[in-house]
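Residue numbers (our numbering): 147 to 310.
Right, one structure below, let's go through it.
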């Protein structure tokens with residue numbers, strides 16, 4: 147479904163299977179091809195330790211920004227379709243995966259639905275989300291009015307190993 151106005155949205159990408167950098171590049175290529183979307187920015191890729199079970203490879207993560215006329219639910223569905231196209235199979239909670247695409251922010255909206263929560267509920271505790279997001283939008287404010295940089299200064303743990 148398409149709406150009249152454009153929204154700025156941020157998506158978090160992650161992979162730790164089957165050549166993770168290539169998986170992110172493929173996901174970005176498919177996201178760039180979405181109808182009713184205009185590409186704006188991509189962060190550098192960062193390598194991070196798993197936040198969940200430690201018996202899995204490190205992740206490669208990035209954040210992308212685009213402008214869309216898709217509704218939040220339509221964008222979520224498009225992201226899930228891309229994940230399926232690339233072969234995502236969720237094996238376990240916070241476990242290994244070929245690709246993961248999270249809808250982090252959708253304009254200045256707060257969405258609380260059973261299948262979609264925006265802002266993404268875990269984004270403020272993940273340096274591999276916050277720091278790439280700050281890279282592409284240093285002055286970003288969240289729907290609650292607080293700058294993202296505030297949350298970066300409050301991060302309890304570090305998962306990023308290095309950026310590229």
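Each residue gets a CB set at the ideal place from its N, CA and C atoms; glycine is no exception.
Considering only C-alpha positions, which residue in the set the options is nearest to residue i?
| i | options | result |
| --- | --- | --- |
| residue 262 | 223, 229, 270, 205 | 223 |
| residue 221 | 171, 190, 253 | 253 |
| residue 246 | 293, 233, 193 | 233 |
| residue 158 | 187, 299, 256 | 187 |
| residue 150 | 181, 225, 215 | 215 |
| residue 156 | 304, 301, 300, 280 | 280 |
Using only the alpha-carbon positions, how far apart do residue i and residue j sit?
| i | j | result |
| --- | --- | --- |
| residue 248 | residue 164 | 19 Å |
| residue 259 | residue 217 | 14 Å |
| residue 285 | residue 297 | 12 Å |
| residue 204 | residue 190 | 16 Å |
Let me confirm a value: residue i is counted as buried when at least 16 other C-beta atoms fall within 10 Å, else exposed. Which label applies?
| i | result |
| --- | --- |
| residue 287 | exposed |
| residue 172 | buried |
| residue 269 | buried |
According to the Cβ coordinates, are residue i and residue j closer than 8 Å?
| i | j | result |
| --- | --- | --- |
| residue 177 | residue 235 | no |
| residue 244 | residue 161 | yes |
| residue 194 | residue 307 | yes |
| residue 242 | residue 289 | no |
| residue 238 | residue 199 | yes |
| residue 250 | residue 267 | no |
Assess, as a yes-or-no matter, whether the region 262-278 is touched by the region 196-214 under the definition of 3 or more beta carbon pairs within less than 8 Å.
yes
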